[in-house]
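The structure under discussion appears below in the form of structure tokens.
In the numbering used here, the protein residues as written are 2 to 432.
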């Protein structure tokens, strides 16, 4: 398996102690998660995208040119439509993925790219899929794993999503530009679960100058090890996700370079993290890249304060859609104060239930050395799946709070932060 020279050190065979048929606890947990995921296939969402209205010359505003200022609270109706529309693109990745671990097609896309939207229940988008995308784990498993476990357990590469471009004339007129969409699904395979488990620590991105205007402990630009591994590793059959994205974006920019263009990258859970990495990579790779935005659903933290600074410096707009009861959006690591990295009085480490710990010793000796220092990236749209609204129930479990369906239902019903859900919301979330 070929690996990027800047890929962090990964788990090596000698790190596992082979003791009869006993496997590492993290591996057993990952296998159980995949089996459960395969049994609970994605539900067909009851949320339909409301009637689309013309964006016209204001498309950049809805694409985040002004960080969605004045559009989130209360939630602008046109923006609601756009968020749900991109959420449906993500939903189509789940519906197209083969979850059945007993199938020889496990981990692939069940549809041809030209029929993907129609066969996944998303006709009439005005977009055409131009490229299938694959992610490969950089974890090296010991040789005895293949003999002891089913083949699906050690499946290194899997279909992760697609690139699509708007080609319908009516939709082009409505959007005010030609939009390129990159959509990613969330965690599905055993190897992806293992990568998630090691995303608690950060690894440095090479060839990026440290940011001198933020906390000195956090100057190196760093992102979660597991997410970076999935984005940059390649396998025997597929190039890295990074290479696939770069090549297709390059081709589309050459094909449609004379048109007003935008790039919108969207994803859920792990896919939200990969969307942020892909947006950063695109803006760093293509000097004259068009406006690039991320619409993420239930995404974990991706990098440190320096990474956030790099994202903002490169003009990438990120809309983080967060369910306040979704624990995935609160991991991994600790949060270094997000409000003002240049304000000495406000620096510190926020630990849930403990407040801010501002001692240099803790910041340097524990958090920084352990590489747990994270920072949220982008503008947040905070939803809430608790309360007395008919759209939610108090017994919603952890998994339900994180599901993409839940996010789409909450966006569909969200009104303002003071009155979170519309009284007319019809969906009742019960697991």
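Glycine included, C-beta positions come from ideal geometry on N, C-alpha and C.
Where residue 161 is concerned, the enclosing beta strand (DSSP E) starts and stops at 158-167. DSSP places residue 223 in the uninterrupted beta strand (DSSP E) bounded by 223-225. Taken in chain order, the complete beta strand (DSSP E) segments of 3 or more residues contained in the region 227-287 are 262-269. Your pair residue 267 and residue 276 checks out as a contact, with CB atoms roughly 6 Å apart and the cut at 8 Å. Sequence-distant partners of residue 282 (beyond 5 residues in either direction) whose C-beta falls short of 8 Å from its own C-beta, in its chain, are 232, 243, 246, 247. If you check the CB distance, residue 379 and residue 320 come in under 8 Å.
Two segments are said to touch when three or more pairs of C-beta atoms, one from each, lie closer than 8 Å; by this definition the region 155-171 does not touch the region 58-78.
Contact check for residue 131 and residue 159: beta-carbon distance about 20 Å, past the 8 Å limit, so the pair fails to qualify.
Under the three-state reduction of DSSP, residue 184 is assigned to strand.
Separation of residue 404 and residue 302 (C-alpha to C-alpha, rounded to the nearest whole angstrom) is 17 Å. The beta carbon of residue 188 sits closer than 7 Å to the beta carbons of 194, 197, 270, 271 from its chain, once the five residues preceding and following it are set aside; these are given in chain order. Inter-residue distance for residue 112 and residue 121 is about 8 Å (C-alpha atoms, whole angstroms). Annotated three-state conformation of residue 48 is coil, per DSSP.
Rounded to the nearest whole angstrom, the C-alpha separation of residue 258 and residue 128 is 17 Å.
A Cβ-Cβ separation of about 5 Å places residue 91 in contact with residue 184 under the 8 Å criterion. A buried status is given to residue 409, since no fewer than 16 other beta-carbon atoms sit within 10 Å of its beta-carbon. Ranking 263, 375, 326 by CA distance to the CA of residue 309 puts 375 first.
Counting along the chain, residue 294 sits inside the beta strand (DSSP E) bounded by residues 293-298. Looking at the backbone, the Cα of residue 225 and that of residue 299 are separated by about 16 Å. Residue burial is scored here from C-beta neighbours: residue 83 has at least 16 other C-beta atoms within 10 angstroms and is therefore classed as buried. In the DSSP annotation of this structure, the continuous segment of the beta strand (DSSP E) that includes residue 321 starts and ends at 318-324.
Within the same chain, Cβ atoms closer than 6 Å to the Cβ of residue 263 are found at 64, 178, 180, 291, 292, the five residues on either side in sequence being excluded. Under the DSSP assignment, residue 135 falls in the beta strand (DSSP E) whose first and last residues are 128-137. Residue 169 and residue 100 have their C-alpha atoms some 31 Å from each other. Remark: C-beta atoms of residue 241 and residue 137 approach each other more closely than 8 Å. Burial is judged here by how many other beta carbons sit within 10 angstroms of a residue's own beta carbon; residue 412 has at least 16 and is buried. Straight-line spacing of the CA atoms in residue 80 and residue 274 works out to 22 Å. Each of 49, 398, 238, 222 was checked against the Cα of residue 135, and the nearest Cα belongs to 238. Apart from sequence neighbours up to five positions away, no residue of its chain approaches residue 314 with a beta-carbon distance below 7 Å.
Within the model, the alpha-carbon separation for residue 108 versus residue 203 is close to 27 Å. In the structure shown, residue 402 falls within a helical segment according to DSSP collapsed to helix, strand and coil. Here the alpha carbons of residue 48 and residue 155 stand approximately 36 Å from one another.
The DSSP-derived three-state label of residue 306 is helix. The continuous beta strand (DSSP E) containing residue 204 extends over residues 203-205.
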